[in-house]
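Notes follow the structure.
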Ligand code: NAD
């Protein structure tokens, strides 16, 4: 067992206990604790498989996820393949509908309407990005909100903003789960989110400042600042240096460097960038954070790859079971009324 895994084991044992604060302090004196998203995603999937097995044993529908893939983008193909693989590993059945790049928006909306109407399909995702001739907002809003496992439908985003979520955008959910499982306290803390996209930055910020009172168990109660492309570059460090927690979802390698981070902060890197590595003469993936520099200063940090990415897939599976549960509940309520 290497140091990082041993560290994780000890940390998990201490998680959610009074030892947490002391442990965080110890971490800040040395190199950051690397949050192993791949390992945590595996744990989530093992737990989820047990929950799905139980769900099936109780005579419920086998959760089913259908993904729609438009065009030939290799990155999108790989993402969909990984999602199908994860589905199989937890006992969710799945299918992919592939459409050519030139598919019209009307045709795509017909496919989505067909999937919405099929009761054996609980979860529908349309892989983004879509070809330029389509309007992603229109397509996301066409997916039935109870089947919308990406959580991108405007009613799901709206409910999240009101602290009554239905299905939470998978990446924001992944950030939440990584923070929780790593025992990172968010209550009353300063958080900075870099990026305000409707699919990632904004839902992450919404979850971070969500109100834990009034029965919302996922409430994080942080004080949140959102930075975006029009936050002057010279001012960005003023915000990040004041943050206990920094979440970066921009798509800009090395945007966050050690001098921009407070000693002992938690840094969650959502960014995925493909860069040319001249030394290794191949492309490799990096995040938005200068991992080497920042990990010397932060208490906790996620790597890229192996951080938020695998967790996003795991949370998509969690959402698929949740979608099946929501639909089953509504069906039962309808039957009881009639
Ligand atoms: P996007 O292009 O839609 O949004 C980027 C955001 O960054 C915008 O809100 C923009 O205002 C902001 N921004 C740009 N320059 C900035 C700067 N200098 N300082 C602060 N903010 C700045 O991208 P997205 O879809 O939100 O994705 C963001 C990143 O997350 C990308 O690298 C993407 O590949 C990655 N991503 C990761 C996962 C995952 O599971 N880890 C999932 C989806 C996307």
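Residue numbers (the numbering used here): 6 to 343.
Glycine is no exception: its CB is placed at the ideal position from the N, C-alpha and C atoms.
Residue 180 carries a helical assignment under DSSP once its states are collapsed to helix, strand and coil. Residue 152 is positioned such that its CB atom lies closer than 7 angstroms to that of residue 129.
For residue 162, there is no enclosing beta strand (DSSP E); the residue is found in the alpha helix (DSSP H) stretching over 159-166. Collapsing the DSSP output to three states places residue 140 in coil. For the stretch 26-106, the full-length beta strand (DSSP E) segments reaching 3 residues or more read 69-75, 98-104 along the chain. Going by beta carbons, residue 298 and residue 263 fall inside the 7 angstroms limit. Proximity of the beta carbon of residue 254 to the ligand NAD is indicated: a heavy atom of the ligand is located closer than 6 angstroms. With contacts defined as CB atoms closer than 7 angstroms, residue 42 and residue 307 qualify as a contacting pair.
Among the bridge pairs identified by DSSP, residue 290 is matched with 279. Taken from the Cβ of residue 231, every heavy atom of the ligand NAD lies 6 angstroms or farther away. In terms of side-chain proximity, the C-beta atom of residue 317 is found nearer than 6 angstroms to a non-hydrogen atom of the ligand NAD. Here DSSP, grouped into helix, strand and coil, assigns residue 195 to strand.
Rounded to whole angstroms, the Cβ separation of residue 199 and residue 253 is 5 angstroms, and the two are in contact under 8 angstroms. Relative to the ligand NAD, the beta carbon of residue 145 is positioned no closer than 6 angstroms to any heavy atom.
Sixteen is the threshold: when 16 or more other Cβ atoms of the shown chains lie within 10 Å of the Cβ of residue 71, as they do, the residue is buried.
In the same chain as residue 208, and ignoring 5 residues on each side of it, the C-beta atoms closer than 8 angstroms to its own belong to 156, 162, 165, 173, 174, 176, 177, in chain order.
A direct Cα-to-Cα measurement between residue 279 and residue 121 gives close to 35 angstroms. Here residue 227 is not bridged, per DSSP, to any residue. Collapsing the DSSP output to three states places residue 307 in coil. When beta bridges are read from the DSSP output, residue 255 appears opposite no residue. For residue 125, the shortest separation between its Cβ and any heavy atom of the ligand NAD does not lie below 6 angstroms. For residue 272, DSSP records a beta bridge to 251, 306. In the DSSP assignment, residue 241 falls within the alpha helix (DSSP H) that extends over 241-245. Residue pairing by DSSP places residue 145 opposite no residue, since no beta bridge is assigned to it. Relative to the ligand NAD, residue 266 has its C-beta separated by 6 angstroms or more from all heavy atoms.
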